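A.B. asks: Protein sequences, first through last, are from chains Y and S.
Numbering-wise, the numbering used here comes out as the position in the first sequence, counting from 1, plus 69.
Numbering-wise, the numbering used here comes out as the position in the second sequence, counting from 1, plus 38.
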Amino acid sequence: MEYLVNIGILFCIYAMLALSLNMVVGLSGLVSLAQAAFYGIGAYAVGILMTAHGFNFWSAMFIGILLNGITAFIVGKILSKFKGDYYAIVSAGLSVIVFSVLLNFKSLTKGPLGIYGIGKPSIAGFSFYSSVSFLALALVFVVLFYALFVLIDKSSFGRALKGLREDEELTIFLGYKTTKYKNFIFTLSAIMAGVAGSFFASYIAFIDPTSFQLAEGIFFFTMITVGGLSSAFGSIIGAALLLALPESLRFLGLPYETAAQLQQVIYGALLVLMMAFRPQGLFGKFRV
Amino acid sequence: MKKLILILCFALALTACKDEKKAPETQVKPVIKIGAIIPLSGPQAAMGEAAKAGMQKALKEKTNSNQHYNYELVFEDNQAKLQVMPTLANKIILQDNVDALATITSAMARVIAPITDEKEKVLYNFSIEQGDYERFGKYTFTQGMPIDAIADKAEEFLTQKGMNDILIFAENIGIIGSLTTYLSKNLSEKNIRHNVNTFNPGERDFRVAIEKAKAEGYKYFFTFGFPPERTIIRKQLVESSVTNDYIYSFCMDLEKASDDNNNITTVTYNPGPSEFVESVQQEYNIDSTFGSAVFYDFVSLMIEAYEALYKNGEKPTAEEITTYIHGKKKYPCMSGICIVNENGFITNDPVFRTFQNGKWQTIGE
Chain Y
70 MEYLVNIGIL FCIYAMLALS LNMVVGLSGL VSLAQAAFYG IGAYAVGILM TAHGFNFWSA
130 MFIGILLNGI TAFIVGKILS KFKGDYYAIV SAGLSVIVFS VLLNFKSLTK GPLGIYGIGK
190 PSIAGFSFYS SVSFLALALV FVVLFYALFV LIDKSSFGRA LKGLREDEEL TIFLGYKTTK
250 YKNFIFTLSA IMAGVAGSFF ASYIAFIDPT SFQLAEGIFF FTMITVGGLS SAFGSIIGAA
310 LLLALPESLR FLGLPYETAA QLQQVIYGAL LVLMMAFRPQ GLFGKFRV
Chain S
39 MKKLILILCF ALALTACKDE KKAPETQVKP VIKIGAIIPL SGPQAAMGEA AKAGMQKALK
99 EKTNSNQHYN YELVFEDNQA KLQVMPTLAN KIILQDNVDA LATITSAMAR VIAPITDEKE
159 KVLYNFSIEQ GDYERFGKYT FTQGMPIDAI ADKAEEFLTQ KGMNDILIFA ENIGIIGSLT
219 TYLSKNLSEK NIRHNVNTFN PGERDFRVAI EKAKAEGYKY FFTFGFPPER TIIRKQLVES
279 SVTNDYIYSF CMDLEKASDD NNNITTVTYN PGPSEFVESV QQEYNIDSTF GSAVFYDFVS
339 LMIEAYEALY KNGEKPTAEE ITTYIHGKKK YPCMSGICIV NENGFITNDP VFRTFQNGKW
399 QTIGE
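If you want it as structure tokens, here you go:
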């Protein structure tokens, strides 16, 4: 049971990340690889403030959100000048910068040694220390993020985002200030990723820079591509699949001399097959 | 979509095809399962495979039919990813029913220590640690080497040889940064001219740093890090006309003996006697490391403790195992002499190794 609860918590964190990333990539067509950076900033804000400065989880998360919002707003200004592949490359650059800062700014982040002893959230004296209560709290945020995604998807704002995704020139011609739209959705997405990072730091209780590398950002991108771009439900399914697939392969009963390697091969092969037969993802409405 | 559903069904069917091993009809002895959550795939797989070989070798050598328990090993692959550790710890404890488990690096162990404490399992961990090591779980043990011991050994070597003008290449990974800081401070106190060039994992070109150091009069080069970066630095040093006599290193792995390494001296963990190193290489076709010796020690220690604490088929508790290990205080182990401190830090002394006459030799073995 606890094994499943832990998978559930990880699923919630990934679902938050997938929903946040799908807003930028799916709704707006902006191929962002910066999500690992904002995930990391959120996690480190909570880690540093809770362990070194005695903040509680919520105030630390709030400051993390602010920090992420400001960073994303500034970076978004720069990013909104780029399109397509260039947008992806520049956003990947942000991930690399943040990873390097986390690794090298040792006086603040403790560098490669990481930060440990990060506490759990509590509300009015009730601590979410147990795995089940933590899962319940994380689920609440997944539902909130899901609702926010659907709300934006169905709003006029969402339609404008989809317009810029399909034809940016035409959207500008119709009088929309696409730069502002791009920047707003990028900032919102970063804030959501920061919340996911806060939950991750609190759940795992130890963070180091390796959890926030560019490769993680690519993994999040794979989640939404498999689940389906521009789809809230697809984000959830993508996160669940990419988590459940490797976990279920552990129960194949493969000989332990080769189990780990075979699991990776099977996992990779299934992803290849999935993309070959369903390139738009399971519930995708848009294809990059 | 239909094809996709078929693929997913196939994947699920595969997972259902679990190899259900039938239990023997007459289970004479209780089984002690010793688990390890280590990187068996991904970039750090070599470290995990070396550890696995050490465990397998210990199981083979330390078990016999006269013992009270049967012993089994259970492995889980974490790909060196922190985020999977709680899930895997729960799986290996609750699904696979391991009695004790081990992992690599204190980061991984810190993540799962609350789980092993709650489930009352001994958690063994292989890591380099600070001298002021603090226990992070009730039943946790860490086997490794205090960084100050490694730095002191390196310093001993540098001063014995009367070296000066040293450039230290230090990889920005794990505890190597602290190790370098400690060494650098001591060298400064002894007025030994030196400088530290820190590099991040993944860096490949050190030529500019080497040429700059040479221009500044640095003659000796000390490399603190892991392959491939450490190997690349050495190659680039040689390309830059620095001979191996001027290259020294710290490493925890055992590099393959090759002419490239001739005369290089390393300050290293004790990987165990040559026979152990060679037999791991022969039996498991893997480069034995300090990790192989540590994980050999872990399984040996667990078997010894379970046998010593046997009480009519009832398994000893984590508390009893923990007390037993603490009671050992100082004992010979595969990685030299193991000393257990009050916080559960089991330390081994570093050694010097040098490559000569076709193979690595531990100086003073």
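For every residue, glycine included, the Cβ atom is placed at its ideal position computed from N, Cα and C.
As the structure is a computational prediction, the values presented were derived from the model and not from experiment.
Could you work out which residues of chain S lie near GLN330/Y, taking near to mean beta carbons separated by less than 9 Å?
C.D. replies: Ordered by position in chain S, the residues that pass the 9 Å Cβ test against GLN330/Y are LEU78, SER79, ALA83, ASP115.
A.B. asks: Straight-line CA distance for PRO184/S to ALA247/S?
C.D. replies: Distance between the alpha carbons of PRO184/S and ALA247/S is about 29 Å.
A.B. asks: Among the residues of its own chain, which have a CB less than 7 Å from the CB of LEU312/Y, if the five just before and after it don't count?
C.D. replies: ILE76, LEU79, PHE80, TYR83, listed in sequence order.
A.B. asks: By the criterion of Cβ-Cβ separation under 8 Å, what are the contact partners of PRO190/Y in chain S?
C.D. replies: Correct list: empty, because the minimum Cβ distance to chain S is about 16 Å.
A.B. asks: Would you tell me roughly how many angstroms separate the C-alpha atoms of ILE187/Y and ILE293/Y, rounded to the nearest one?
C.D. replies: Answer to the nearest angstrom: the Cα atoms are 29 Å apart.
A.B. asks: For the pair the segment 236-247 of chain S and the segment 195-214 of chain Y, tell me if three or more CB-CB distances fall below 8 Å.
C.D. replies: Because the criterion of three Cβ pairs below 8 Å is not met, the segment 236-247 of chain S and the segment 195-214 of chain Y do not touch.
A.B. asks: Residues in its own chain within less than 6 Å of LEU90/Y by CB, not counting five upstream and five downstream?
C.D. replies: Excluding residues within five positions, the ones whose Cβ falls inside 6 Å are GLN104, PHE289, ILE293.
A.B. asks: Please list the partners that PRO181/Y has in chain S, where partner means a Cβ-to-Cβ separation under 7 Å.
C.D. replies: Those are ASN210, ILE211, GLY212, GLY215, listed as they occur along chain S.
A.B. asks: Which residues does DSSP pair with VAL378/S in a beta bridge?
C.D. replies: Answer by DSSP bridge pairing, in chain order: ILE384/S.
A.B. asks: For ALA121/Y, is the classification buried or exposed, using 16 other Cβ atoms within 10 angstroms of its Cβ as the cut-off for buried?
C.D. replies: Flag for ALA121/Y reads exposed.
A.B. asks: Reducing DSSP to helix, strand and coil, say where PRO239/S ends up.
C.D. replies: PRO239/S: coil per DSSP, three-state reduction.
A.B. asks: Which of helix, strand or coil does DSSP assign to GLU99/S?
C.D. replies: Looking at GLU99/S - three-state DSSP - the assignment turns out to be helix.
A.B. asks: Among the residues of its own chain, which have a CB less than 7 Å from the CB of SER160/Y, if the five just before and after it don't count?
C.D. replies: SER101, LEU102, ALA103, LEU148, listed in sequence order.
A.B. asks: Using a threshold of 7 Å, state whether the C-beta atoms of PHE352/Y and GLY297/Y are closer than that.
C.D. replies: A contact, by the Cβ cut-off of 7 Å.
A.B. asks: How many angstroms separate the CA atom of HIS106/S from the CA atom of LEU139/S?
C.D. replies: Each residue's alpha carbon lies about 20 Å from the other.
A.B. asks: Return the residue from the list LYS366/S, ASN386/S, ASP186/S, LYS67/S that minimises the CA-CA distance to ASN102/S.
C.D. replies: Answer by Cα proximity: LYS67/S.
A.B. asks: Using a Cβ-Cβ cut-off of 7 Å, state whether ARG268/S counts as contacting chain Y.
C.D. replies: Answer no: the Cβ-Cβ gap between ARG268/S and chain Y never drops below 7 Å.
A.B. asks: Identify the residues that DSSP records as bridge partners of GLY351/S: which are they?
C.D. replies: DSSP, once it has assigned bridges, lists no residue as partnering GLY351/S.
A.B. asks: Listing by chain order, which chain Y residues have their CB less than 8 Å from the CB of ASN238/S?
C.D. replies: The contacting residues are SER169, LEU172, ASN173.
A.B. asks: Put GLU254/S into one of helix, strand or coil per three-state DSSP.
C.D. replies: Residue state, collapsed to three classes: coil.
A.B. asks: If GLY263/Y and ILE110/Y are in contact, beta carbons under 8 Å, what's the gap, nearest whole angstrom?
C.D. replies: Correct: roughly 6 Å between the Cβ atoms.
A.B. asks: On a CA-only basis, which of LYS367/S, ASN381/S, ASP387/S is nearest GLY374/S? Give me that one, please.
C.D. replies: Checked all of LYS367/S, ASN381/S, ASP387/S; the closest Cα to GLY374/S is ASP387/S.
A.B. asks: Suppose the cutoff is 7 Å on Cβ atoms and the five residues either side in sequence are ignored; what does the same chain contact list for ASN128/S look like?
C.D. replies: Here the set comprises ILE153.
A.B. asks: Any C-beta of chain Y sitting closer than 7 Å to the C-beta of ASN229/S?
C.D. replies: Output row for ASN229/S: interface = no.
A.B. asks: For ALA138/S, which residues in chain Y fall below 9 Å Cβ to Cβ?
C.D. replies: Chain Y residues near ALA138/S: none, gap ~17 Å exceeds 9 Å.
A.B. asks: Could you tell me the boundaries of the alpha helix (DSSP H) in which ALA103/Y lies?
C.D. replies: Looking at the DSSP string, ALA103/Y is not in any alpha helix (DSSP H), and its letter there is neither H nor E.
A.B. asks: Thinking ASN233/S and TYR256/S are a contact (beta carbons under 8 Å), I'd like their distance in whole angstroms, please.
C.D. replies: Right, the Cβ-Cβ distance comes to about 7 Å (below 8 Å), so this counts as a contact.
A.B. asks: ARG272/S: which of LEU205/S, CYS371/S, ILE150/S, LEU347/S sits nearest, CA to CA?
C.D. replies: For ARG272/S, the nearest C-alpha among the options comes from LEU205/S.
A.B. asks: Quick check on the DSSP output: the alpha helix (DSSP H) that includes ILE72/S runs from which residue to which?
C.D. replies: Taken as a continuous stretch (DSSP letters only), ILE72/S belongs to no alpha helix (DSSP H), being part of the beta strand (DSSP E) at 69-76.
A.B. asks: What does a CB cutoff of less than 6 Å around PHE336/S pick up in its chain, not counting 5 residues either side in sequence?
C.D. replies: If we look at PHE336/S and ignore the five residues flanking it on each side, its Cβ neighbours are ALA140, TYR162.
A.B. asks: List the residues of chain S that PHE275/Y touches, going by C-beta distances under 8 Å, in chain order.
C.D. replies: Going along chain S in sequence order, the residues near PHE275/Y (Cβ under 8 Å) are LEU120, ALA145, ARG148, VAL149.
A.B. asks: Have a look at ALA308/Y, GLY183/Y, ALA141/Y, PHE218/Y and flag the residue whose alpha-carbon is nearest the alpha-carbon of GLY350/Y.
C.D. replies: Comparing Cα positions, the closest option is ALA308/Y.
A.B. asks: SER224/Y: buried (16+ other C-beta within 10 angstroms of its C-beta) or exposed?
C.D. replies: Label assigned to SER224/Y: exposed.
A.B. asks: Relative to the alpha-carbon of ASP134/S, which residue among GLU345/S, LYS95/S, ALA74/S has its alpha-carbon at the smallest distance?
C.D. replies: Cα-wise, what sits closest to ASP134/S is ALA74/S.
A.B. asks: For ARG173/S versus ASP203/S, is the C-beta spacing smaller than 7 Å?
C.D. replies: Not a contact, by the Cβ cut-off of 7 Å.
A.B. asks: Along the segment 310-326 of chain Y, where does the CB come closer than 8 Å to a CB of chain S? Name the residues.
C.D. replies: Those would be LEU314, GLU316, SER317, LEU318, ARG319, PHE320, LEU321, GLY322, LEU323, TYR325, in chain order.
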